[in-house]
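Each protein sequence line maps, in turn, to chains H and B.
Number 134 marks the last residue of the first sequence (this note's numbering); no jumps.
Number 1529 marks the last residue of the second sequence (this note's numbering); no jumps.
This report concerns only the one structure given below.
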Amino acid sequence: MSAAADPELVALVGRLRHDLGRYMAFQLRAVGDGAPHTLLCEALRADLLQTRRGPAGVERAVDLWDRALPALERSAARQLQPFEDLRREMERVRSCTDLLERGALSPPQALAGRKAALAAADALRALHTRLREA
Amino acid sequence: MASILLIDDQDRTLALCQRALPQHRYLGPARHWEEASAQLARGGVDLVLLDVHFDIDAEHLLGWSEGMSASALERLRRRQGLEILARLRRAHSELPVVVMTSQEELPLGPGDRIEEEDYTYFLDDDYLDASSLEVMIAGALSASLAEEVDGPIYWGRSRQLARLRRRLDVWSRGALPVMLLGPTGTGKSLVARHFVHPRSGREGPFVSVDLSTLPRDLMAAHLFGSVRGAWTGALTDRVGAFEAARGGTLFLDEVANLSDDAQKLLLSVLQEGLITRLGDTRERQVDVKLVVATHEDLAARVSEGTFRQDLYMRLNPAAAVVLPPLVERGLDWGRLVRFAGERALARPALAGLIDSYRRLAGVDGEGASLVVGGAPPEGSGTLMFYLSHRAMRELRRHTWPGNLRELTMAVENALLFTLAEHLELAGRGPSVLQVRPKTVRELLRLEQRGVGAPSSGGRALQVVVQAEDGLNRVSQSLERQVFLQLYSEEDGDFARMAQVLLGDGTHARKVQLRFNQLGLKVRDLKAGR
Chain H
1 MSAAADPELV
11 ALVGRLRHDL
21 GRYMAFQLRA
31 VGDGAPHTLL
41 CEALRADLLQ
51 TRRGPAGVER
61 AVDLWDRALP
71 ALERSAARQL
81 QPFEDLRREM
91 ERVRSCTDLL
101 ERGALSPPQA
111 LAGRKAALAA
121 ADALRALHTR
131 LREA
Chain B
1001 MASILLIDDQ
1011 DRTLALCQRA
1021 LPQHRYLGPA
1031 RHWEEASAQL
1041 ARGGVDLVLL
1051 DVHFDIDAEH
1061 LLGWSEGMSA
1071 SALERLRRRQ
1081 GLEILARLRR
1091 AHSELPVVVM
1101 TSQEELPLGP
1111 GDRIEEEDYT
1121 YFLDDDYLDA
1131 SSLEVMIAGA
1141 LSASLAEEVD
1151 GPIYWGRSRQ
1161 LARLRRRLDV
1171 WSRGALPVML
1181 LGPTGTGKSL
1191 VARHFVHPRS
1201 GREGPFVSVD
1211 LSTLPRDLMA
1221 AHLFGSVRGA
1231 WTGALTDRVG
1241 AFEAARGGTL
1251 FLDEVANLSD
1261 DAQKLLLSVL
1271 QEGLITRLGD
1281 TRERQVDVKL
1291 VVATHEDLAA
1301 RVSEGTFRQD
1311 LYMRLNPAAA
1321 VVLPPLVERG
1331 LDWGRLVRFA
1341 GERALARPAL
1351 AGLIDSYRRL
1361 AGVDGEGASL
1371 VVGGAPPEGS
1381 GTLMFYLSHR
1391 AMRELRRHTW
1401 PGNLRELTMA
1411 VENALLFTLA
1421 EHLELAGRGP
1431 SVLQVRPKTV
1441 RELLRLEQRG
1451 VGAPSSGGRA
1461 LQVVVQAEDG
1471 LNRVSQSLER
1481 QVFLQLYSEE
1491 DGDFARMAQV
1501 LLGDGTHARK
1511 VQLRFNQLGL
1521 KVRDLKAGR
């Protein structure tokens, strides 16, 4: 099945682009690479641990990803390069999240976490664009 | 510093803005439309930053109803910003709104389409970035400030007039003559007096000469002066308009009427900067900023041989400014009427009658204001005139051969007649005086006797064609006029417009497409009615 034939998949990735892609990199885009470690950790906590805030409560980036992943793996999206990039970067985000929650994030790991979150957001945008244009 | 209202269910955009753009004042965030609406009603908002996805309780969502399915509710939450945007555009059509997402990410359904309209902006990228947000806010604020008023001149907010104003601003400061073109009543004289003269940097007087009212054989003497005995009846030396305007601005209206003699003398002034009074031998230095105007096609007059080419070239035709006819200012229509009304209300004659009415009717306050379109205003104790949607429609139907001058008089007359009608009724009267559509209709019918409407019952259009105008511009100008008239006559019903234009009402979409191509916008017309 081609990706273009599945508007539900486009809608699913569109929602993920907003809920995950936009807010996973919200403060991280603003702080920059040269930001002090404390400021970077604060941005990582806001973006990765409180990615979605709504009446249902707060969700982490990895929770949103884990919920969407099975449907994505069953779909035509799995054949696309941006999906592979996204999956790889989200695993890096997961590592960063674990360290962040344990309070064991070193400055190089924080920088790597920021880089992964931005790359994942970009991959998600690319995936959505590919699906829409397919 | 601007006051920016955030309409957003989250706090994080506010935090980002406060950190990245601290030069502005932020209101909100309003979590839903009701909160936003209350904030807007308090006034003082320069710009709105609007989110699209609102994760809020269902009862606060615009468009929510009992029994809505979970999936419909989710869709509504994801596009709530668009519902709010529609309300904003209806209630605050001129307020700039920056929608905090890219057009690409908008949650539109199949067949949905949203255009970037005036005063609505989308981000280039759905990921909020402080620097791009700053550029977007600055752009939106400067565009909203593009509405320009210079004393009694209303330039409006069209790009065409903004460009024209900027050019004229530059030429006003230079030494070369300024040429103003355009149909009668478009405000050439106002522009010369209240725009060019103050910017010319000259401290001398503004002197205006209407060459259409001067006998041709007296024209040269009137402009350049004369000495005693220059002709029979010249009993004393006389200063001409050029000398009277020394160090200031001389405005020659209807310059196409210049006599041959006066054309020759004017050319000499422009070449040498010297005048000689009629009958005199002494040359006098003059230093004036010259502004000329005409509703005629001067280039055509040159071709016909009735206007000197060398003089025409000296009048700086390359920098001519063409003021558009009223029918081409459709997007500013409502504001032009309001502007004309406010000026009329400030005139002593009307102000005196207003005072009489207020005393008679027991209405407090000072002066009066004018409300154009929208819902009838509530009485607030001060005197208000109200031009309803229907009264505005009557005004729109008119062809306005006399342009702004005619509109100003028509609005003043409408206010005057409305006041007079109420003054005839003794006793306590209302504080909101509605200008009846019938009053407007009858006034325009009186005005139109003998002018404007073609005897065949067809449609009267105006176009000013300049030397370098392409046929495309000319035909588009005419098309725009036809569309604007039809839009008004058919109450904005594109099917009926298609019936009139194409003889087939099913081509509404085709007509609307052309309407859009011509740069006409339904929302602006609705706002301006």
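Where a beta carbon is used, it is the ideal one built from N, C-alpha and C, also for glycine.
Pick from the options that is closest to residue i, judged by C-alpha positions
{"i": "B:D1261", "options": "B:T1276, B:G1247 and B:G1248", "result": "B:T1276"}
{"i": "B:M1001", "options": "B:L1047, B:D1051 and B:A1086", "result": "B:L1047"}
{"i": "B:R1031", "options": "B:Q1018, B:G1044, B:R1025 and B:V1052", "result": "B:V1052"}
{"i": "B:R1436", "options": "B:A1138, B:E1424 and B:A1414", "result": "B:A1414"}
{"i": "B:L1164", "options": "B:M1136, B:F1054, B:R1358 and B:F1195", "result": "B:F1195"}
{"i": "B:T1013", "options": "H:A30, H:A11, H:V10 and H:L39", "result": "H:A30"}
{"i": "H:L49", "options": "H:S95, H:R74 and H:V10", "result": "H:S95"}
{"i": "H:R53", "options": "B:R1405, B:A1072, B:D1008 and B:G1044", "result": "B:D1008"}
{"i": "B:A1323", "options": "B:N1403, B:F1339 and B:R1347", "result": "Just to set this straight, residue 1323 of chain B is Leu in the shown sequence, not Ala. The candidate whose alpha carbon is nearest that of B:L1323 is B:N1403."}
{"i": "B:E1342", "options": "B:A1220, B:L1407, B:V1327 and B:H1389", "result": "B:L1407"}
{"i": "B:R1480", "options": "B:F1054, B:S1212 and B:R1329", "result": "B:R1329"}
{"i": "H:V93", "options": "H:F26, H:A119 and H:Q81", "result": "H:A119"}
{"i": "B:S1369", "options": "B:V1337, B:L1016 and B:L1274", "result": "B:V1337"}
{"i": "B:A1361", "options": "B:S1200, B:P1377 and B:G1381", "result": "B:G1381"}
{"i": "B:A1036", "options": "B:R1087, B:Q1018 and B:Q1023", "result": "B:R1087"}
{"i": "B:S1132", "options": "B:L1267, B:C1017, B:P1317 and B:R1445", "result": "B:C1017"}
{"i": "H:H37", "options": "H:A112, H:Q81 and H:E59", "result": "H:A112"}
Residue i vs residue j beta-carbon contact at 7 Å
{"i": "B:V1371", "j": "B:G1334", "result": "no"}
{"i": "B:V958", "j": "B:L1168", "result": "Since the displayed chain B opens at 1001 and closes at 1529, residue 958 of chain B lies outside it and no answer follows."}
{"i": "H:M24", "j": "H:A71", "result": "no"}
{"i": "H:A56", "j": "H:L16", "result": "no"}
{"i": "B:G1240", "j": "B:G1204", "result": "no"}
{"i": "H:L86", "j": "H:A123", "result": "yes"}
{"i": "H:L39", "j": "H:A110", "result": "no"}
{"i": "H:F83", "j": "H:A76", "result": "no"}
{"i": "H:E133", "j": "H:A116", "result": "no"}
{"i": "B:G1028", "j": "B:L1061", "result": "no"}
{"i": "B:E1254", "j": "B:L1211", "result": "yes"}
{"i": "B:H1092", "j": "B:P1183", "result": "no"}
{"i": "B:A1344", "j": "B:E1412", "result": "yes"}
{"i": "B:F1242", "j": "B:V1286", "result": "yes"}
Alpha-carbon spacing of residue i relative to residue j, whole angstroms
{"i": "H:D19", "j": "B:S1189", "result": "59 Å"}
{"i": "H:D66", "j": "H:E91", "result": "11 Å"}
{"i": "B:V1098", "j": "B:R1025", "result": "16 Å"}
{"i": "B:A1089", "j": "B:D1217", "result": "According to the sequence as given, residue 1089 of chain B is Arg; it is not Ala. Distance between the alpha carbons of B:R1089 and B:D1217: 59 Å."}
{"i": "B:V1432", "j": "B:G1151", "result": "27 Å"}
{"i": "B:S1456", "j": "B:A1300", "result": "Because the pLDDT at B:S1456 is just 47, under 50, the model does not fix this residue reliably, and the value given afterwards should be weighed accordingly. Cα-Cα distance, rounded: 28 Å."}
{"i": "B:G1450", "j": "B:D1504", "result": "Below a pLDDT of 50, predicted positions are generally treated as unreliable, and B:G1450, at 42, falls in that range; no measurement from the model is reported."}
{"i": "B:D1057", "j": "B:S1071", "result": "15 Å"}
{"i": "B:L1484", "j": "B:I1084", "result": "29 Å"}
{"i": "B:M1219", "j": "B:A1138", "result": "52 Å"}
{"i": "H:L131", "j": "B:L1106", "result": "15 Å"}
{"i": "B:G1067", "j": "B:W1033", "result": "21 Å"}
{"i": "B:L1416", "j": "B:L1350", "result": "7 Å"}
{"i": "B:R1314", "j": "B:L1270", "result": "7 Å"}
{"i": "H:V10", "j": "B:G1379", "result": "53 Å"}
{"i": "B:A1162", "j": "B:P1430", "result": "40 Å"}
{"i": "B:A1140", "j": "B:L1095", "result": "9 Å"}
{"i": "B:V1522", "j": "B:V1511", "result": "13 Å"}
{"i": "B:Q1476", "j": "B:L1235", "result": "56 Å"}
{"i": "B:R1202", "j": "H:F26", "result": "55 Å"}
{"i": "B:G1452", "j": "B:W1400", "result": "With a pLDDT of 42 at B:G1452, under the threshold of 50, the modelled position of that residue is not reliable, and the figure given next carries that caveat. Using only the alpha carbons, I get a separation of about 7 Å."}
{"i": "B:L1076", "j": "H:L64", "result": "20 Å"}
{"i": "H:L44", "j": "H:L105", "result": "10 Å"}
{"i": "B:F1339", "j": "B:A1508", "result": "34 Å"}
Within chain B, the residues that residue i reaches when beta carbons sit closer than 7 Å
{"i": "H:G54", "result": "D1055"}
Residue i beta carbon near the ligand COA (any heavy atom closer than 6 Å)
{"i": "H:L48", "result": "Among the components modelled here there is no ligand, and therefore nothing to report on the ligand COA."}
Contact set between residue i and chain H, taken where Cβ atoms lie within less than 8 Å
{"i": "B:R1568", "result": "Limits of chain B in this structure are 1001 at one end and 1529 at the other, which puts residue 1568 of chain B out of reach."}
{"i": "B:L1016", "result": "F26, Q27 and A30"}
Listed by chain order, chain H residues near residue i by CB distance under 7 Å
{"i": "B:L1027", "result": "Neighbours of B:L1027 on chain H: none; closest Cβ ~21 Å, over 7 Å."}
{"i": "B:A1020", "result": "A30"}
Neighbouring residues, chain H, relative to residue i (Cβ below 9 Å)
{"i": "B:L1180", "result": "Within 9 Å Cβ-Cβ: nothing; B:L1180 doesn't reach chain H, min ~51 Å."}
{"i": "B:A1130", "result": "R29 and A30"}
Exercise. Any residues in the segment 21-33 of chain H with a beta carbon nearer than 8 Å to a beta carbon of chain C? Which ones, in chain order?
Worked result: Note that chain C does not occur in the displayed structure, where the protein chains are H and B.
Task: Sufficient close CB pairs (3 or more, under 8 Å) joining the segment 1257-1271 of chain B to the segment 1307-1318 of chain B - done: Here the segment 1257-1271 of chain B makes contact with the segment 1307-1318 of chain B; the two share three or more CB pairs at distances below 8 Å.
Okay, do the segment 1227-1247 of chain B and the segment 1267-1281 of chain B touch, 3+ Cβ pairs below 8 Å being the bar? These segments touch.
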